[in-house]
Every structure is written in structure tokens, then in C-alpha cells.
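Below: one structure, written as C-alpha cells.
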Amino acid sequence: MQSEFRSSRRTFLRQVGLAGLAVPFFTRHLLSAPPSEIVHHASFGASGQAGADLEAICRHPAIRLVAVADVDLSHTADVKKKFPDARIYQDWRQLLEKEKELDCVNVSVPDHMHAPIAMSAMELGKHVYCEKPLTHDLYETRQLTLYARKHHLVTQMGIQIHSASEYRLAVRLIQDLAIGKVREVHTWSNKKWGDMTPRPDRSDPVPPEFNWDLWLGIAAKRPFIGDGYYHPGNWRKRLDFGTGTFGDMGCHIYDPVFNSLSLTAPVSVRSEGPTPNQWNWATDAVIHYVFPGTQYTEGSTVNVTWYDGDQRPPKDIQALIGSEPLPDQGSIFVGTKGVLLLPHIAAPRLLPEAQYDNYPVPRVPGDDHWKQWVEAVRGNGRASANFDYAGPLTESVLLGSVATRFPHTTLEWNAAKLKFTNVGEANHFVRRSYRSGWHVKGLS
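Number 41 in the numbering used here belongs to position 35 of the sequence shown; there are no gaps in the numbering.
See below:
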């Protein structure tokens, strides 16, 4: 297992590509079937991001929505209206047990339940589209990545801008060395998925049609708190359920950085921002990564720094883009010949403008992220944000979450061993315990 993660990313992707060519159809329903065959699909989650994923996936004419599971049945009215033949479940485990003809699923629920549902589906041979971050914890990410690879399952993480023309163009410009070799990258988000107040000491009535125990899933039992404290709005702020601003936006904003520079696992991570409290993530993070250098970077290592909330890159970095204000979210790539500003989500800009007036910017078309995955399930092409790509990306992001628990401390990371080598206590946050009765094979 360790040798697999020591291999270069280029070799890694080449091996994945060859595997895809060798086994174009994977599920028993699609084996030797023509590309026009109907694909039987189920959704875990019915509203919010799940609703967006469901609608996008079902736009594909080959998709037949068989079933939907949501712990809050009040969220399923729109599904019933749009897909009257789809069966509705409240317990995702019952859906997987009863719906024998499924080919694929999307997992679009709170972060803490991504891994249990995705792994359970993959154990049954289902192809998986999973929202970002891929999982809540590092060990879960590694296990999903290895399982999907071993069993040749078609996977995709929900970083849809990965397939958009804006991010694809940024990757092309960096890899064409438009700004020379990259010296450092600064990334940020103005979102504030954190809360430094104590958890309210109360127990509220559970709304009808909502199953609080199913929503908790693998997490420890606790009283329900209403007013959106957990469900449906603010779970991203809570340590046991979400992954803070970094988990929410890091997989999006780090994606073109990771992709364009062909990054592998970082060798160290250090937080200079506030720590979470007993219940919640903090905001205003400043997290420094050191990655091994690549053919697109200058030197043997490259530094990538993340900022969120009210934090932003230092003034000397901001000065590189001139007098215009920073976008609310985005990245600055600092190269040996110039600078690339990549807002989230807008076209990248090469700076200084006068230097790049006559630069032949290529036309790079976008793709439909969801359709790409459905087509890969049908044996046509491959999903570009499959778990072999999204897994290492997510691991890098989640390392930042661990680092916030150990401020002003450089955590040295051995990706092959999935272990911090200099701060033993940090390894307690690599893998979580699932509560009794929620064992999931391969995870707990």
C-alpha cells in the first residue's frame, strides 16, 4: 500500500487510465451493454446541494432515478413532484438493502456521512458521485480511494468547477509556463464557517418527519438543538459534522492549484490562526503548506498558503495584482515571469497586464462535470475528478483542519504511512471512532 503512494502522480494517472481502457463497463447491468442502456441511479440527499446534484445528473437521458433517501422527509416534496416514480426512503441503509438494480449513486449529505454511505454503496458495486470534501477525516479518504481503485469503480467528487472553462484555462496557462515556474501560491475564501460560542445547553423538540438519530449517523448521540444550529444550515461549523470553511471551499479553491502544479502530498502543514473550541471550528485561518516541488515550480519545494474569514494574503502579495481589490475568493500564483490571478469563479488573469497584452491566450472549453461522470459510468471516457485525483486533494485539505488544532506548530506529514511524524497527538485526528451500532466495513 505504501509503495502505491510513493509513485509519481504522472505514473499514477497513467495507470488509472490504462485500467479504465481495460475494463470499460463495470457493473453487471452495464456489462457488454450498448452505451444507450438506461443507468439506474439513487440519490442520498434530496434538497440543497443534493437537489442540485440530482437535477444535474438526471438531465442525462440515460439516467433513471430509482430512489432517494433523506433523513428529513419534509425535503422530499420536490423530488416526488419531479420524479413521481422514484421511491422515497428515510434510512439510506434500507435503500441500499432493497434497491438491488442500482448502478450508481450520488452522496450529497453532511460531511460526516460521506464516507459511510459512499463505502457502503461501493461495497455493493455501485459507482459513486460524492460531494466535497470527499470525507470528514483523513483515514476515510484514503480508504475510499483505495477501494474505488481496487474495484475499478467510476467515481467523481463534486468539485464541478474542476470541469469549467475558467479552471481548465488556469491549469493550461500554468502548465504552459505563461508566468514561468511558480514560486508560491496564496489562496483564500471570505466564508466564515466557524463559531467560537459555547454549544447551547438545551434540548429542543425534533421536527416531525426528521429522524435525528439517522442524521447523527456515526457521530455520538447528543440532544437536538433547533433554530438551524445543526440542521439544515450550520452543521459545517460543528467539529463532528462539518469541516469548516476550509473543508467547504478548500477542495474547490485548491483544486486548480493542485491540478496545475501536479502536486502530491504535502511534507508539512502549519496553522497560524485560531484553534477550534470544544464544539466548533474557528474562522480567520492562516495555514501554510509545503509541497514537494514539481516540473511547474521553482525549487525543491513550493509553499501554498490558505486564508479564510477576514484573513487575506500579505500586502506585498496583494500589490502584485495592482490597484483592484481582491475577489472574495480565489488564488494568486506567483511565478518567475509574472502573476496569475484566479478568482473563484471567473476567468484567470495574467499580470501585469502590459506584459501580457499580446499573449496568445488559448481557448479551453468547459465540460459538464455530472454528465462526464455519467458517461464514464456508461463506459465513455473517464471522470476527471475521480477518487484517485480527489482523494489526495481532499487529504491535503483535511491536513489543514488538523493543523488548526495545533497552532504555531509545524506538523510533518508522511503520506505513505498516513501519519504525522513529529507530533504524535495529531495522529488522534487522522481517524475517528464510529458510535456503537454504526460499523461500516473498511472504515470502522
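Yeah, the Cβ is synthetic: ideal placement off N, Cα and C, and Gly gets one too.
Bear in mind the structure is a predicted one, so any value in this text is a computation, not a measurement.
Give the DSSP-derived three-state secondary structure of residue i in the structure shown.
i: Tyr295; result: strand
i: Gln378; result: helix
i: Met163; result: strand
i: Lys447; result: coil
i: Val6; result: Residue 6 is absent from the structure shown; the chain starts at 7 and stops at 450.
i: Asp59; result: helix
i: Arg189; result: strand
i: Leu245; result: coil
i: Tyr313; result: strand
i: Gly341; result: strand
i: Leu138; result: According to the sequence as given, residue 138 is Lys; it is not Leu. Coil, per DSSP.
i: Val212; result: coil
i: Lys425; result: strand
i: Ala75; result: strand
i: Leu357; result: strand
i: Arg438; result: coil
i: Gln284; result: coil
i: Gln181; result: helix
i: Thr410; result: coil
i: Phe453; result: With the chain running from 7 to 450 in the structure shown, residue 453 is simply not present.
i: Thr300; result: coil
i: Phe50; result: strand
i: Asn386; result: coil
i: His258; result: helix
i: Phe31; result: Because Phe31 carries a pLDDT of 35, less than 50, the predicted location of this residue cannot be relied on, and the following value inherits that uncertainty. DSSP places Phe31 in coil when its eight states are reduced to three.
i: Ser329; result: coil
i: Ile224; result: coil
i: Asp84; result: helix
i: Ala432; result: helix
i: Arg205; result: coil
i: Pro320; result: coil
i: Pro238; result: coil
i: Ala170; result: coil
i: Ala396; result: helix
i: Arg365; result: Looking at the sequence provided, one finds Tyr at residue 365 rather than Arg. DSSP places Tyr365 in coil when its eight states are reduced to three.
i: Ser402; result: helix
i: Asp219; result: helix
i: Leu267; result: coil
i: Ala176; result: helix
i: Phe252; result: helix
i: Thr151; result: helix
Sort out for me which residues DSSP pairs residue i with in a bridge.
i: Leu417; result: Val275
i: Ile69; result: Val45
i: Ser195; result: Asp314, Gln335
i: Leu347; result: Ile338, Arg355
i: Arg307; result: The sequence given here has Thr at residue 307, not Arg. In the DSSP output, where bridge partners are listed per residue, Thr307 has Pro298.
Give the single residue among the options whose Cα lies nearest to the Cα of residue i.
i: Gly279; options: Ala225, Lys132, Thr415, Arg178; result: Thr415
i: Glu431; options: Tyr173, Val292, Tyr440, Trp419; result: Trp419
i: Gln100; options: Lys88, Ile123, Pro262, His118; result: Ile123
i: Gly51; options: Ser126, Ala75, Val177; result: Ala75
i: Arg384; options: Glu61, Ala68, Asp84, Gly54; result: Ala68
i: Pro331; options: Thr342, Leu347, Leu405; result: Leu347
i: Val310; options: Pro354, Tyr260, Lys156; result: Tyr260
i: Asp314; options: Thr303, Trp376, Val292, Asp254; result: Val292
i: Pro213; options: Ser268, Gly232, Thr303, Lys87; result: Gly232
i: Trp199; options: Glu215, Arg228, Gly54, Tyr236; result: Tyr236
i: Val188; options: Gly372, Phe426, Leu356, Gly341; result: Gly341
i: Glu190; options: Ile323, Ala409, Tyr365; result: Ile323
i: Ile185; options: Gly372, Ala73, Ile338; result: Ile338
i: Val115; options: Pro238, Leu71, Ser195; result: Pro238
i: Ile63; options: Lys447, Gln378, His445; result: Gln378
i: Val263; options: Thr427, Thr289, Pro349, Lys343; result: Pro349
i: Asp210; options: Ala226, Leu220, Gly234; result: Gly234
i: Val446; options: Asp374, Ala121, Trp194, Val134; result: Ala121
i: Arg318; options: Cys136, Pro333, Tyr95, Val275; result: Pro333
i: His168; options: Lys197, Ser266, Lys425, Val113; result: Ser266
i: Ser171; options: Pro354, Arg438, Ala409, Trp444; result: Pro354
Please confirm whether any heavy atom of the ligand GDP lies closer than 8 Å to the CB of residue i.
i: Leu71; result: As for the ligand GDP, it is missing from this structure, which has no ligand bound.
Practice problem: Please specify which runs of the alpha helix (DSSP H), each continuous and at least 4 residues long, are wholly inside the segment 94-134, giving them in chain order. | Solution: 98-104, 120-129
Self-check item: the segment 78-90 touching the segment 102-116, judged by at least three CB pairs closer than 8 Å
Solution: no
Quiz item: Do the segment 272-287 and the segment 242-262 make contact, defined as three or more Cβ pairs closer than 8 Å?
Solution: yes
Exercise. Say whether the segment 386-406 touches the segment 128-148, bearing in mind that this needs 3 or more beta-carbon pairs closer than 8 Å, one atom from each stretch.
Key: Output reads yes: the segment 128-148 touches the segment 386-406.
Quiz item: Between the segment 144-151 and the segment 399-414, are three or more C-beta pairs nearer than 8 Å?
Solution: yes
Quiz prompt | the segment 205-212 contacting the segment 289-304, beta-carbon criterion three pairs below 8 Å | solution = Contact between the segment 205-212 and the segment 289-304 is absent, because fewer than three Cβ pairs lie under 8 Å.
Exercise. Please confirm if the segment 209-228 is in contact with the segment 47-66, defined as three or more CB-CB distances below 8 Å between the two stretches.
Key: no
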